[in-house]
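Residues 0 to 423, numbered by numbering that gives the first Met the number 0, are exactly what the sequence shown covers, in order.
Glycine is no exception: its CB is placed at the ideal position from the N, C-alpha and C atoms.
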Amino acid sequence: MSNPKNIDPKLAIHGGKPVRTRPLPAWPSYDEEIEAAITVLRSGKHARQSGSYVAQFEAAFAAYFGVKNAIAVSSGTAAIHVALAALGIGPGDDVINTAHCFIGTATPVVHCGAVPIFADIDPKTFNLDPKSVREKITPFTKAIVPVHLNGCPAEMNQLLEIAKQYNLYIVEDAAQAHGARYRDKLVGTFGQFGCFSFWEDKIISTAGEGGMIITDDDQLAKRARMIQHHGELRQDGDYYRGERLYYHPILGYNFRMTEVQGAIGLVQLRKLPDYIAKRRKNAHLLTQLLSDIWGVFPPYEPDYVEHVYYKYILKLDRKVLKTPAAEIAKAISAEGIPATRRYPTPLHQQPIFVEKRGFGNTSAPFSWYPGEVQYGSGLPVAETIPNDLIMIRMNPNLTEEDIADIAYAVRKVVEYFSQHQENS
Numbered sequence: 000m001s002n003p004k005n006i007d008p009k010l011a012i013h014g015g016k017p018v019r020t021r022p023l024p025a026w027p028s029y030d031e032e033i034e035a036a037i038t039v040l041r042s043g044k045h046a047r048q049s050g051s052y053v054a055q056f057e058a059a060f061a062a063y064f065g066v067k068n069a070i071a072v073s074s075g076t077a078a079i080h081v082a083l084a085a086l087g088i089g090p091g092d093d094v095i096n097t098a099h100c101f102i103g104t105a106t107p108v109v110h111c112g113a114v115p116i117f118a119d120i121d122p123k124t125f126n127l128d129p130k131s132v133r134e135k136i137t138p139f140t141k142a143i144v145p146v147h148l149n150g151c152p153a154e155m156n157q158l159l160e161i162a163k164q165y166n167l168y169i170v171e172d173a174a175q176a177h178g179a180r181y182r183d184k185l186v187g188t189f190g191q192f193g194c195f196s197f198w199e200d201k202i203i204s205t206a207g208e209g210g211m212i213i214t215d216d217d218q219l220a221k222r223a224r225m226i227q228h229h230g231e232l233r234q235d236g237d238y239y240r241g242e243r244l245y246y247h248p249i250l251g252y253n254f255r256m257t258e259v260q261g262a263i264g265l266v267q268l269r270k271l272p273d274y275i276a277k278r279r280k281n282a283h284l285l286t287q288l289l290s291d292i293w294g295v296f297p298p299y300e301p302d303y304v305e306h307v308y309y310k311y312i313l314k315l316d317r318k319v320l321k322t323p324a325a326e327i328a329k330a331i332s333a334e335g336i337p338a339t340r341r342y343p344t345p346l347h348q349q350p351i352f353v354e355k356r357g358f359g360n361t362s363a364p365f366s367w368y369p370g371e372v373q374y375g376s377g378l379p380v381a382e383t384i385p386n387d388l389i390m391i392r393m394n395p396n397l398t399e400e401d402i403a404d405i406a407y408a409v410r411k412v413v414e415y416f417s418q419h420q421e422n423s
């Protein structure tokens, strides 16, 4: 890769000129979404019960994924919570989770009164390692929650085989993988439930927060709708406008989506195919531009998946680079390209789990669990891999010039540290 911009070889953190001074294009960026939100605000119908946009969003989302039911909720974490609760996960149960992810994939297990059992990850995709999952199953295991991390699908065939063998549920956490495919099938459609997030910077977003649950099981969908709406049961064709009001046979929550979010989501969903195409194009271009750099590995994309690149994760080659990931990320950021570490503390080493902090000032639900569970160690890949990862933000608004700047910054920093190990 040539240097047509005459990049200053001196690192910006050492007083050199940064590769870029203009911020990268923002994400998300709204246009039609603003008008859609204004329309809702002017209508005076802002709640799910009084308007129609959330219902339209649910119908469109279900159609996109080819499933019978979609239930809009307030967040991706709420989606997982509702899904687990609808499956009857509760005290005395455990659920297999990944140790390398955002904590919102595991805390819903605790909120259901069950305990998470963390499995190790694959060193290439950073997703659940099926071999480790199999080893972690107990007599009390009820479900597996595979995360399609960073937009890369998990090994669903192997996980489905394990689930079938042990009679376990699958709840897919597709919060980072809208539109990703595993062997030509959309992720989120393999298990009993697929769960999605529309948080601010996700592949599609609904103005800060939001989530969706999908399922082909009508009875599970009915139960999920009740749970996200205070456990209320209404007996008519239009669930939210029934004759039987305020009748609550099960425990539920207020996890509803607002009409403003629904209107924004409806517009965003129409743009999803274009967003995916641009993310993949940008990621593949960046991989090409970094292909001759010693010291970093680009994201791994198996040939049977379609990665949607929610984040672009660089893995440091420790045979070449000994410098801490935090220092390298800081240096890349100083060049005008935001870079950070990715989930530096594994979930099984988070204080809430290591110290078994539960409801109130008690250790419940951990104290309710009839098996033995200890956290803090025993997952070698999840415990070491965060020290080797650097996250670069990827979005559809990046131009080829932006991608080139990212590549220049990474090259400049990596080449410096690979040649100055003694000073790093």
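In this structure A35 does not touch V304 by the C-beta definition: roughly 32 Å separates them, more than the 8 Å allowed. Residues A11, P17, V18, R19, A408, K411, V412 of the same chain have their beta carbon placed closer than 7 Å to that of E334, with the five preceding and five following residues left out of the count. Taking A84 as the centre and dropping the five residues before and after it, the same chain places the C-beta of C111, I226 closer than 7 Å to its C-beta, in chain order.
Contact between the stretch 55-71 and the stretch 257-266 is established, with three or more Cβ pairs separated by less than 8 Å. Comparing alpha carbon positions, the residue from V66, G43, P122, R21 closest to G187 is V66. For T286, the enclosing alpha helix (DSSP H) starts and ends at 258-288. For P350, the three-state secondary structure derived from DSSP is helix. Counting every other CB atom within 10 Å of its CB across the protein chains shown gives W293 a total below 16, marking it as exposed.
Sequence-distant Cβ neighbours of L271 in its own chain, meaning closer than 8 Å and more than five residues away, are Y63, H177, G178, I202, I203. In chain order, A118, D119 place their CB closer than 7 Å to the CB of S131, counting only its own chain and leaving out the 5 sequence neighbours on each side. The Cβ atoms of E199 and Y52 lie no closer than 7 Å to each other.
In the three-state reduction of the DSSP assignment, R392 falls in the strand class, which pools E and B.
Straight-line measurement puts the Cα of C100 at about 22 Å from the Cα of E326. Beta-bridge pairing by DSSP links C194 to D172, I212.
In the same chain as Y368, and ignoring 5 residues on each side of it, the C-beta atoms closer than 6 Å to its own belong to V114, in chain order. By the criterion of a C-beta distance shorter than 7 Å, Q191 is surrounded in its chain by L86, Y168, I169, V170, T214, D216, L219, once the five residues flanking it on both sides are discounted.
Around the beta carbon of E399, fewer than 16 other beta carbons lie within 10 angstroms, which makes this residue exposed. Across the set A82, V109, L250, the C-alpha of V109 shows the shortest separation from the C-alpha of T361.
Around the beta carbon of S376, a 10 Å sphere encloses fewer than 16 other beta carbons of the protein chains shown; the residue is thus reported as exposed. For P115, the enclosing beta strand (DSSP E) begins and ends at 114-118. Within the same chain, and ignoring the five residues on either side of H228 in sequence, the residues whose Cβ sits closer than 7 Å to its Cβ are G251, R255.
Contact between the stretch 387-394 and the stretch 331-345 is established, with three or more Cβ pairs separated by less than 8 Å.
The C-alpha of F197 is placed about 7 Å away from the C-alpha of G75.
Within the stretch 86-143, the runs of alpha helix (DSSP H) that reach at least 4 residues and sit entirely inside it are, in chain order, 106-110, 129-135. DSSP places F296 in the strand class (E or B) of the three-state scheme. In this structure, DSSP gives Y63 a helical state, which the three-state scheme calls helix. Rounded to the nearest angstrom, the Cβ distance from R180 to P152 is 7 Å, consistent with a contact under 8 Å. In the three-state reduction of the DSSP assignment, H45 falls in the coil class, being assigned neither a helical nor a strand state. Where V18 is concerned, there is no enclosing alpha helix (DSSP H), because DSSP gives it neither an H nor an E.
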